[in-house]
Structure formats: C-alpha cells, structure tokens
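Data first, discussion second: the structure below is written as structure tokens.
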Amino acid sequence: MTDGGPEFDNAEVRDFCASRGIRLHIVPAYSPWISGLVEGMNKILLGRLKRLCAPDLGEDKYDAMDVPENWPLHLDEAIRLLNRRILPLLKFSPNELLLGLVVNTPSTPVGVSDGPVTAGEVSLHSAYVNQQRLDGYSQIVENAHRRKEAFDKKVVGRAPREVIFKAGQLVQVYRSDLDYTFLAIRKLEPKWSAPRRVISRTRNSYKLETLEGLPIGGRFSSRRLRRFIPRDGTSLLEAQRAVEGALGLEEDAADMEGEIEDVNQGGEAGSGEDEDADVAEEGETGVEGVNVGEDVDPTLVSEDVGGEKGGPGEEFVEDENGDEAEFVEDENGDVVSKSDPSRAEDIVEDEEQVSDQAEEEIAAEEEVQTRRKEKTSPRRSKRLLRKFLSRVLKISRA
C-alpha cells in the first residue's frame, strides 16, 4: 500500500509485485489517514534508522555528511529490531507469531529437547501455534474496529461530515503541496485548483478530469475536494448544465431499461397463470364473463344481462344469501325499501340505537380499565403498605 508517487506507481514496481504475488494498492496522495498503519510503521522504521545511522550523535567523531548515505547498511538491523519488539495491542512480537515460538512457559530441559520428537508433541505444538496466531488476529481485528469507530466519530461529528460527489459534478482540489513548503510564492498561490469534473467514485476516492475531458492521473480523497458552482451568465455554467442534462438522460434511460427488463421477466414468469385467469368463459347468453378482482365482492353488486332477475341493463342487488335485497340506497345515499319506503326509516333508527349501545359499552369498559389502573397505582400501594405495617406494629405491641 503506497501513495501515488512516481517512485512506487511505475511499471518496475508493478512487475516486481506481480512476480512475487504481491497486491499493489495505490491510495490517494496527501491522505495519510487512509494508510495510517503503513505511515505509522514507516515513522517507526525511520526512527530506528536515525539512531543506527548516527549512534555517536553529540560526540566529536560524528560526521553529519555520512548519515544520508549509510542507511542501507543498517536496514537489516532495524528490521530485526522491529520484528523482536512486543506489540502492546497484539501481546506478541511478529517473530513469535510467524515462527510459532512458545512464550510464557518454562524452558524445556536439555535432555528432553535432544530426544526424538513424537507425533503427539507435534500435534500439541501445532495446536498451540494456531491458537496463538488466532489470538493475535483477533487483537488485530478488534484494534481495527476501534480505530475505525474513532475515525468515523471524528469525521461525522464535525462539518461538513460525509460528502459524496456524483459523476459530472464540478469540484476543486486542495493543493496540499503548498502546506509543506516555505517559499514566498505560497503566500500568493491559490489554495484550490481550477475546476475539475468527477468521472467516477470508489468509496471515498474519486477519479477526475479537466474541463477539456483529459483524465488526471491518480485518485483524490473526498477530504481534499469541495464542490465548485459556476457563476450565473458564464459559459461554464451553460456547459455544465448541458453535461448534467446528458448524464440525467443517460440515468433515466438506464432506469427505464431496468424497469422494462423487470416487466419482461415478470411477464414471462406469470404468463401462464395470467392467460388462465384472463380467458373468459362464454355463457348461455353468448356474452363473455367478466374477470372480477380481489377488491370487488361479486355477491354484493352484479349487472344482469338478460337473466331471470331483473330486466336487461337493470341493476340487481343481492344480500348475503344471494337473494334479492329488500333495501337499497337511492341517489341521495339514503336507505329505501323497494316494497315499503316507510320501513327504511325504522331500519335506520334500529341501526343508530345499536351503534349508541356499542359506544356506551366501549365507554363503560374504558372506565373499568381506568379504575383498575387507579387501584394498582404506586400511591395506593404505598398507602395500603403503611396501613398493613401499622396493624402489624399494634399486634406486636399488644
């Protein structure tokens, strides 16, 4: 895992990694929070090399000119020291996890160690090594989760929180290189680059291109980007609207194609059932039957087309038993009787009385529930407890 510097992102390094089965992962430049573990290890390695390259710092025989040139001579020693140190989070050293060294156990006597090794001892040691590596891996995963939670809490807890850019939007890139120079020109140089256009997104990193459509090498972290909004009346605003309109049409076309595919798949899956359900049977009258949906109750309303019940085109109303209903609704929504309109008023009055009785029963039930809650309230319980204790004291005194 390296940044996008030319000393790592080149054909020679890629060929070297491919020949040894190493996966080369290039992260955005000026984003040390992405490769925090690598940056931390690099800092520790540099600290060891500084000490090994200048062990006589402060003495007369120290020569500062030799330090930048002799660091390759001490690289192996620095790596050996790093592999032997115990990592506080893992509770083991890298050598112990890699080589399966036994720790926190008494030394084996010389007489026993010189003898032949049995199969049981090999199995026991293998189980010990596997458990030791599993414990180290568990500590690594827990530490990674803690670091991620702390990082997410820090990012989300402050403005602008998580920012996501879409393809086609205009952004500016923060020039982090000006933060690491003391030249006088940094006082007048703009901190943000010219407008760039977003090509694609990979998690929190983005690929950018110039306004002319030329891709820019490397990836850029979202923490180094900010949105750019062109001013009104500029040619850049018109061009940006055209780009966003074209991208919107492409997205709409893609969504429409997806919907068409879903409809076609659903139609093919249910074509047999739909054909069986939609084919209407012809009756004795020669009129096709109607396919009634689930929302319509066929026992309540039907239209007679010339049968025994009613004349052609006349509305026929059935009751629950399938017989002709005695009461129907007129144009105003009032209940009337086909035979005796005066009886309809009696039916309406009876229904109103039944509804009033139901409301009274519901109110009575709610009152009973309220009284039960009052009886079991904490204040009433305390009062009953005090009465009970007072009676017990009186009996004990007597």
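In my numbering, the protein residues as written are 459 to 856. Every residue gets a Cβ at the ideal spot worked out from N, C-alpha and C, and that includes glycine.
- Taking all protein chains shown into account, TYR664 has 16 or more neighbouring C-beta atoms within 10 Å of its C-beta and is therefore buried.
- Residue state for VAL561 is assigned as coil, using DSSP reduced to three classes.
- For PHE640, the three-state secondary structure derived from DSSP is coil.
- Judged by pairs of C-beta atoms under 8 angstroms, the stretch 492–507 touches the stretch 526–545, as three or more such pairs exist.
- The closest CA to that of ARG677, considering only GLY691, LEU669, GLU670 and THR660, is found on THR660.
- Taking 8 angstroms as the upper bound for CB-CB distance, SER658 and ALA625 are in contact here, some 6 angstroms apart.
- Assignment of ILE622 by DSSP, reduced to helix, strand and coil, places it in the coil class.
- Sequence-distant partners of LEU555 (beyond 5 residues in either direction) whose C-beta falls short of 6 angstroms from its own C-beta, in its chain, are ARG591 and GLY594.
- When C-alpha distances from SER651 are compared across ARG685, ARG619 and GLU620, the shortest belongs to ARG685.
- Distance check between ALA700 and each of ASN468, PRO567 and LEU628 places LEU628 closest, using alpha-carbon atoms only.
- When the five nearest sequence neighbours on each side are left out, no beta carbon in the same chain lies closer than 6 angstroms to the beta carbon of LEU842.
- With contact defined as three or more Cβ pairs closer than 8 angstroms, the stretch 635–655 and the stretch 470–484 are not in contact.
- With contacts defined by Cβ atoms closer than 8 angstroms, ARG682 and GLU667 do not form a contacting pair.
- Residue pairing by DSSP places GLU667 opposite ARG655 and PRO673 in a beta bridge.
- At least 8 angstroms separates the beta-carbon of SER634 from that of PRO486.
- Of LEU636, ARG472 and ASN601, the smallest CA-CA separation from PRO546 is found for ASN601.
- With respect to the 8 angstroms criterion, SER551 and ASN562 are not classified as neighbours on the basis of their beta carbons.
- Boundaries of the beta strand (DSSP E) around LEU628: 628–631.
- Of the other Cβ atoms in all chains shown, fewer than 16 fall within 10 Å of the Cβ of ASP572; this residue is therefore exposed.
- Contact annotation: HIS483 and MET499 have beta-carbon atoms that are not nearer than 8 angstroms.
- When the beta-carbon positions are compared, GLU620 and VAL614 come within less than 8 angstroms of each other.
- Counting other Cβ atoms within 10 Å of its Cβ, VAL580 stays below 16 and is therefore classed as exposed.
- Non-local C-beta neighbours of ASN662 in its own chain, meaning closer than 7 angstroms and more than five positions away in sequence, comprise SER679 and SER680, ordered along the chain.
- Burial of GLN698 is indicated by the presence of at least 16 other C-beta atoms within 10 angstroms of its C-beta.
- The three-state reading of DSSP puts THR828 in helix, counting H, G and I together.
- For LEU510, the uninterrupted alpha helix (DSSP H) segment begins and ends at 494–511.
- Partner residues in the beta bridge of THR460, as assigned by DSSP, are ILE484.
- Around the beta carbon of SER489, a 10 Å sphere encloses 16 or more other beta carbons of the protein chains shown; the residue is thus reported as buried.
- Spatial neighbours of VAL560 in its own chain (CB-CB distance under 8 angstroms, excluding positions within 5 residues in sequence) are listed in chain order as HIS583 and TYR586.
- Beta-bridge partners assigned by DSSP to TRP650: TYR632.
- Distance check between VAL656 and each of ARG849, ILE674, ASP610 and ARG604 places ILE674 closest, using alpha-carbon atoms only.
- Put simply, the backbone Cα of PHE609 is about 11 angstroms away from that of GLY494.
- Note on VAL599: under 16 other CB atoms within 10 angstroms of its CB, so exposed under the neighbour-count rule.
- About 5 angstroms separates the CB atoms of GLN597 and LEU548; that is less than 8 angstroms, so the two are in contact.
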